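Read the structure below first, then the notes.
Protein chains in written order, with my numbering: chain A, 1433 to 1721; chain B, -8 to 283.
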């Protein structure tokens, strides 16, 4: 009991530096942001929920939210599956495992600004991709990959390229925690490779799955860097996302619109977190039974 | 079900071949762009203009890609390092903005992570969820809040406008917490039995045992800070304060021939850091991935 009290005091001491900064730089100003979302542009008159109505009906906001959601729903499942497949392959690759691992993680540390130069070599009108395609069939027209409808796919691919290594490391950590004896037992029972993956590997990786999803989301918003560097601040409609929108509002210092949208996004994130937690909690409860 | 799986199972050797082929293809997608880039950084100006006019945004001409330069030269690097003072200033700015931030993250984040990982206190789970939420929110959401504070404190358009909010980023706290949680309980109990107080346990057992997690968190923060684009674009009006990450996006056309060399110099610190600390980074990520 005494130790518990002591620990509570100590944790206050240990957390104080972190919490005080979070309070000054996040919480306090966010309260101000919430306040401003109910005021007019001058920050004087109370507007009720007028700002929310305006932002909700705003074409750009709708487009950006839709595209962001579309991107998350496309890129994260793809990353999830592909990185898992790669990690399984790397885990079982005897020789050369080191090289494969190092190579696949490398894109994570390469600055977007540097690698975008090479993407342009591949993707521009006179670039390698178009040359290869017209080499296969002379009838294919050159495509401006970055500025047309294909921009979305380009962005998804760059996201996968950059983040697959990190997620692979997470999966590998999960994989190495699975005792080899489980596989041996399965082999004795006559289970093949795929059966082992389905009945042993995947169930054992459940804890890693949550972490992979969270960190994939964290990294997904950084794809704005690639989007901006490839296509500028006014990209194709299909990749106009929340960061672009905020960038434009920020230029005109449209504080009450940004505040309102920020509050809406935090609410959306909270809702998503609640669903996520519910799914995870529900499953844990089921398992403990 | 298992019967179906058993039928699909091919020969062992064949499987290994397919695996290696697939992995090699994946690695090729990493190496090909890098080789193209390194090769371009050693090309003289004329060759670059002949090969990569369109990607450099100067004109239109078919790309003539090459994995090795025809006339290798260090011209671009020399131009960049000796005749581009602007580049040096930006490199230095990046250092000024990133390293104090990392130091701050260490001072603030390590004890907080220790508290989350090792102490019991009311509201711990909720507070940690709040940190996760902060971590997941995109920069743009906190941008407004940050802007308001920085404006109030008169810090806009200064190095501190990037350093201070960065110090309280929730991401390193999260990674370090996971890694402290992975420190074996028996290790700590042994320390308590030997008469160590909570402080000694933290400094003498916790920090050394959790060091892969600390290194990982700070390495990832470094990579992110080195690449920062949104923050400096939003908070720094004064070009003399801009970090290296804004050099390439803002490169002028008559300097375009050094772009590839600049890219190589820019990626050197994070790449070397990664190759140097690869083992610890993997351990750290592993610790964040598995809870005991």
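For glycine and all other residues, C-beta sits at the position ideal for the given N, C-alpha and C.
On a predicted model such as this, the values are computed, not experimentally measured, just so you know.
{"Item": "Beta-carbon gap between residue 207 of chain B and residue 166 of chain B smaller than 7 Å", "Value": "yes"}
{"Item": "Neighbour-count burial assignment, residue 129 of chain B, 16 or more Cβ in a 10 Å radius", "Value": "buried"}
{"Item": "Reduced DSSP secondary structure (H/G/I, E/B, other) of residue 1510 of chain A", "Value": "helix"}
{"Item": "Member of B:48, B:261, B:269 whose CA lies at the smallest distance from the CA of residue 1541 of chain A", "Value": "B:261"}
{"Item": "Element boundaries [alpha helix (DSSP H), containing residue 1533 of chain A]", "Value": "1529 to 1541"}
{"Item": "Through-space distance from residue 1511 of chain A to residue 1728 of chain A, alpha-carbon basis", "Value": "Residue 1728 of chain A lies beyond the range of chain A shown here (1433 to 1721); nothing can be said about it."}
{"Item": "Bridge partner(s) assigned by DSSP for residue 1516 of chain A", "Value": "Answer is none; residue 1516 of chain A lacks a bridge partner."}
{"Item": "Reduced DSSP secondary structure (H/G/I, E/B, other) of residue 302 of chain B", "Value": "With chain B covering -8 to 283 only, the question about residue 302 of chain B has no answer from this structure."}
{"Item": "Rounded C-alpha distance that separates residue 203 of chain B from residue 163 of chain B", "Value": "12 Å"}
{"Item": "Where the alpha helix (DSSP H) containing residue 122 of chain B begins and where it ends", "Value": "115 to 127"}
{"Item": "DSSP bridge partner residues for residue 1471 of chain A (one or two, in chain order)", "Value": "A:1478"}
{"Item": "Partner residues on chain B for residue 1653 of chain A, Cβ-Cβ distance less than 8 Å", "Value": "129, 130, 131"}
{"Item": "The region 1659 to 1674 of chain A in contact with the region 93 to 113 of chain B per 3-pair CB rule at 8 Å", "Value": "no"}
{"Item": "Chain-ordered chain B contacts of residue 1443 of chain A [CB-CB under 7 Å]", "Value": "106, 110, 112"}
{"Item": "Residue-level contact to chain A via CB, residue 0 of chain B, 7 Å cutoff", "Value": "Residue placement at residue 0 of chain B cannot be trusted, given a pLDDT of 48 that sits under 50; what the coordinates show is reported in the next sentence. Answer yes: the Cβ-Cβ gap between residue 0 of chain B and chain A drops below 7 Å somewhere."}
{"Item": "Chain B contact for residue 1691 of chain A (CB, 7 Å cutoff)", "Value": "yes"}
{"Item": "For residue 1553 of chain A and residue 1560 of chain A, believed in contact at Cβ under 8 Å, the rounded distance", "Value": "6 Å"}
{"Item": "Separation of residue 1643 of chain A from residue 1604 of chain A, as counted between CA atoms", "Value": "13 Å"}
{"Item": "Cβ distance (whole Å) where residue 1549 of chain A is taken to contact residue 1688 of chain A below 8 Å", "Value": "Incorrect: roughly 39 Å between the Cβ atoms, too far for contact."}
{"Item": "Other residues of its chain near residue 1692 of chain A: CB distance less than 7 Å, five sequence neighbours each side excluded", "Value": "1469, 1483, 1484, 1487"}
{"Item": "For residue 1612 of chain A, three-class secondary structure by DSSP", "Value": "helix"}
{"Item": "Residues near residue 1584 of chain A in its chain [Cβ-Cβ closer than 7 Å; skip 5 each side]", "Value": "1670, 1671"}
{"Item": "Residues of the region 58 to 74 of chain B with Cβ closer than 9 Å to any Cβ of chain A, in chain order", "Value": "none"}
{"Item": "Endpoints, the alpha helix (DSSP H) within which residue 86 of chain B is located", "Value": "76 to 109"}
{"Item": "Neighbouring residues, chain A, relative to residue 233 of chain B (Cβ below 8 Å)", "Value": "None at all; the shortest Cβ gap to chain A is about 12 Å."}
{"Item": "Beta carbon proximity, residue 1657 of chain A to chain B, threshold 7 Å", "Value": "yes"}
{"Item": "Interface flag, residue 1552 of chain A vs chain B, CB-CB below 7 Å", "Value": "yes"}
{"Item": "Nearest-angstrom Cβ-Cβ length linking residue 22 of chain B and residue 1535 of chain A, presumed shorter than 8 Å", "Value": "7 Å"}
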